[in-house]
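Report on the structure given below.
Residue numbers (my numbering): 2 to 750.
Written out as structure tokens, the structure is:
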């Protein structure tokens, strides 16, 4: 799977000019050089006798390993147990001064250098990190490098063993640079393991490995951090916003590795301001990606987890606390660890836990009552929004990104999920390794020039897919537009789909329930090439007389109402899909619609060279009476209105050509109005006026160069007396003044 996706992406994405500056001098100070400065070492010594502290866990684990040498002699998986025993026991020695801990640490450090199946077998050595295309480097390379530094002056360490380690390091790094998987691809879990390893090794052996060590140091500073990682973390880079493109099955250990590796570099005088901001963004993304009721996180990529969401992992937050996060963000992360009761396993790399605890940051609850309820991680195109911070809120996650150079992220621009309180409503059940956009809720246009086995899925070569806008208003209306026409680019051939766009408009009601209007438009270029739409849900749906599909689950009622206006559509289908995968012998990869857990599917195909579909997805409490939405059309626009509680929403969809027209006139009842593709001047402003027209208001929109309202999109309230008032972009982000999280936090596209 990794090799297949990499081949689809091509050898690499465009490379910009080098960003590096001259490397600072090679470190030559005493050991340990990483992590255990005077303050940190004093903190772990003070906490060593405290029951329940993380350093006491490391001490306990070292004693267990010492007493279980026979069991621990076996390589449990990729050297993970030997690696954790090495650094856990090294930390235990520094905290207590007990030479027996150093002895155990050196025992497993030696195994990392020499062995593979069992301690003493000599089957590792120079080839130890080559297993599974280099996966083993995240344990063997990282913890041997850190172990070298922490154990350099330990009783029992010898010059000969240190020299052997330097020889192994050279063999490992030389091989990985040439043949290791994803060595130069930030944002991937393989590269994160390699990055931490090469960083730790370069620092640990500096001044002791001769010219080769000096060369490695310059490479790490100038090439790895100064160019590759800087490009990934700066504005516009893959890491901007703190999300992980491969998904959060792979994210936790990866971001924890980045956290400590970046800290190790700054300890040597290398400034990494991009990673200070990124560390803070990790915390923000974690908080916004939590489903209401803290039932899990949006996965955002591959997972084998058989539930819609994935459980938060303590490593994510431990890594940024022990890394470069600001005091404010570290306090939030510490409070989240406590609030969610997150803890790593005892038999794991406790280095992250110990360093996070030693920082001594006090937990500070994230200010949810004043925080923005929208967050955009620009690097991966993941948008998170909610109606409020109430545990009963409606929450949504959206994906819209060009092809990015990572594994485990299917082509699924326009995909979204939706939840209300403790109930998942629209879910992404994509099975592990899917290569089809049909396994998610992404819109899918049939392309003519993709290979037969790829159709009708989106493809893997896009350069232009993006949010045209992604914003939230003061009344918490969310509007996001995903332009995904370029998803049908095939290698170097331009996309043969000239227009493909999904708009998502989430309008909350007074009680934090919500209605989501999904607007899909595409020009496929041929009548026979349709637009495939699918909404996947755990709800059992039934179709009523009005064509709407509805059902209940838990405390939530969910209704999907279709409103088609310009295209011939197949009749909506409802079907159940059981657990499955996309790797069957007879499976056509681009047509796979399997699910990793059982779901119910609402599906429809919009036929015709030009397709328009409006779906109203209503989410609210069971037994609440809600009137069916109303839909209507005019020559220059389509519209839908709905009511929930005492609040009415109206979404007007203009023709793309309307943007150059001199006016747009529509009639609708008072409420919250959102107009997509209304007339706009080059400055993106529109003047709005309304007058009574029976029970409705006649609204007239005209382009204007001065004053007016933001027309991209236009959000406004129309009162019962037809008074028009702009619903401007939210200013809640100002409540986080003083916290620098970069443009990923609450930013609009």
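Don't be surprised by glycine CBs; every beta carbon is placed ideally from N, CA and C. Bear in mind that the values here come from a model prediction, so they are computed numbers and not experimental data.
Give me whichever residues DSSP pairs with residue i in a beta bridge.
i: residue 616; result: 519 and 563
i: residue 672; result: 719
i: residue 622; result: 557
i: residue 667; result: 700
i: residue 491; result: 494
i: residue 605; result: 534
i: residue 710; result: 687
i: residue 64; result: DSSP, once it has assigned bridges, lists no residue as partnering residue 64.
i: residue 472; result: 480
i: residue 730; result: 474
i: residue 500; result: 524
i: residue 1; result: Limits of the chain in this structure are 2 at one end and 750 at the other, which puts residue 1 out of reach.
i: residue 397; result: 386 and 419
i: residue 578; result: 600
i: residue 424; result: 421
Smallest Cα separation from residue i: which of the options?
i: residue 416; options: 138, 402, 564 and 423; result: 402
i: residue 1; options: 455, 210, 412 and 427; result: This structure does not reach residue 1, given that the chain is present from 2 up to 750, and the question cannot be answered.
i: residue 614; options: 555, 509, 502 and 681; result: 502
i: residue 95; options: 115, 38 and 65; result: 38
i: residue 387; options: 653, 183, 111 and 289; result: 289
i: residue 28; options: 245, 265, 99 and 584; result: 265
i: residue 484; options: 358, 150 and 469; result: 469
i: residue 385; options: 373, 630 and 462; result: 373
i: residue 231; options: 279, 310 and 569; result: 279
i: residue 324; options: 668, 73, 152 and 36; result: 36
i: residue 153; options: 139, 211, 141 and 91; result: 91
i: residue 161; options: 111, 545 and 709; result: 111
i: residue 104; options: 366, 678 and 148; result: 148
i: residue 421; options: 371, 390 and 656; result: 390
i: residue 317; options: 241, 303, 335 and 455; result: 335
i: residue 146; options: 419, 524 and 195; result: 195
i: residue 57; options: 102, 30, 84 and 34; result: 102
i: residue 699; options: 87, 281, 664 and 705; result: 664
i: residue 268; options: 713, 311, 224 and 205; result: 205
i: residue 301; options: 428, 328, 284 and 213; result: 428
i: residue 270; options: 493, 309, 226 and 662; result: 226
i: residue 520; options: 677, 452 and 574; result: 677
Given a threshold of 16 other Cβ atoms within 10 Å of its Cβ, counted over all protein chains shown, does residue i qualify as buried or as exposed?
i: residue 121; result: exposed
i: residue 731; result: buried
i: residue 70; result: exposed
i: residue 625; result: exposed
i: residue 747; result: Only weak support is given to the placement of residue 747: the predicted model assigns it a pLDDT of 34, under 50, and the question is left unresolved by the model.
i: residue 666; result: exposed
i: residue 53; result: exposed
i: residue 100; result: exposed
i: residue 78; result: exposed
i: residue 736; result: The pLDDT assigned to residue 736 is 47, lower than 50, so where the model puts this residue is not dependable, and the model offers no usable value.
i: residue 246; result: buried
i: residue 606; result: buried
i: residue 229; result: buried
State yes or no: is the C-beta of residue i within less than 8 Å of the C-beta of residue j?
i: residue 601; j: residue 540; result: yes
i: residue 459; j: residue 414; result: yes
i: residue 557; j: residue 518; result: no
i: residue 405; j: residue 362; result: no
i: residue 720; j: residue 671; result: yes
i: residue 564; j: residue 479; result: no
i: residue 774; j: residue 673; result: A question about residue 774 goes unanswered here, because the residues of the chain that appear run from 2 up to 750.
i: residue 392; j: residue 332; result: no
i: residue 448; j: residue 489; result: yes
i: residue 397; j: residue 377; result: no
i: residue 652; j: residue 640; result: yes
i: residue 250; j: residue 311; result: yes
i: residue 287; j: residue 253; result: no
i: residue 45; j: residue 142; result: no
i: residue 538; j: residue 551; result: no
Does the beta carbon of residue i come closer than 8 Å to any beta carbon on chain C?
i: residue 482; result: You won't find chain C in this structure, because it holds only one protein chain.
Between residue i and the ligand NAP, is the CB less than 7 Å from at least one heavy atom?
i: residue 74; result: Here there are no bound small molecules, and the ligand NAP is not part of this structure.
Checklist entry - What residue ranges within the stretch 305-381 form continuous beta strand (DSSP E) runs of no fewer than 3 residues, ordered along the chain? => result Unbroken beta strand (DSSP E) stretches of 3 residues or longer found wholly inside the stretch 305-381: 375-378, given in chain order.
Checklist entry - At what residue ranges does the stretch 34-98 contain a whole run of the alpha helix (DSSP H), taking only runs of 4 or more? => result Segments of the alpha helix (DSSP H) lying fully in the stretch 34-98: 39-48, 55-68, 70-73 and 81-97.
Next on the checklist: Runs of 4 residues minimum, wholly inside the stretch 242-298: which ones carry the alpha helix (DSSP H) assignment?
Outcome noted: Runs found: 252-268 and 274-290.
Next on the checklist: Which runs of the alpha helix (DSSP H) at least 4 residues long sit entirely within the stretch 190-243? Give them in chain order.
Outcome noted: As far as the stretch 190-243 is concerned, its whole alpha helix (DSSP H) runs of at least 4 residues are 190-205, 211-219 and 231-234.
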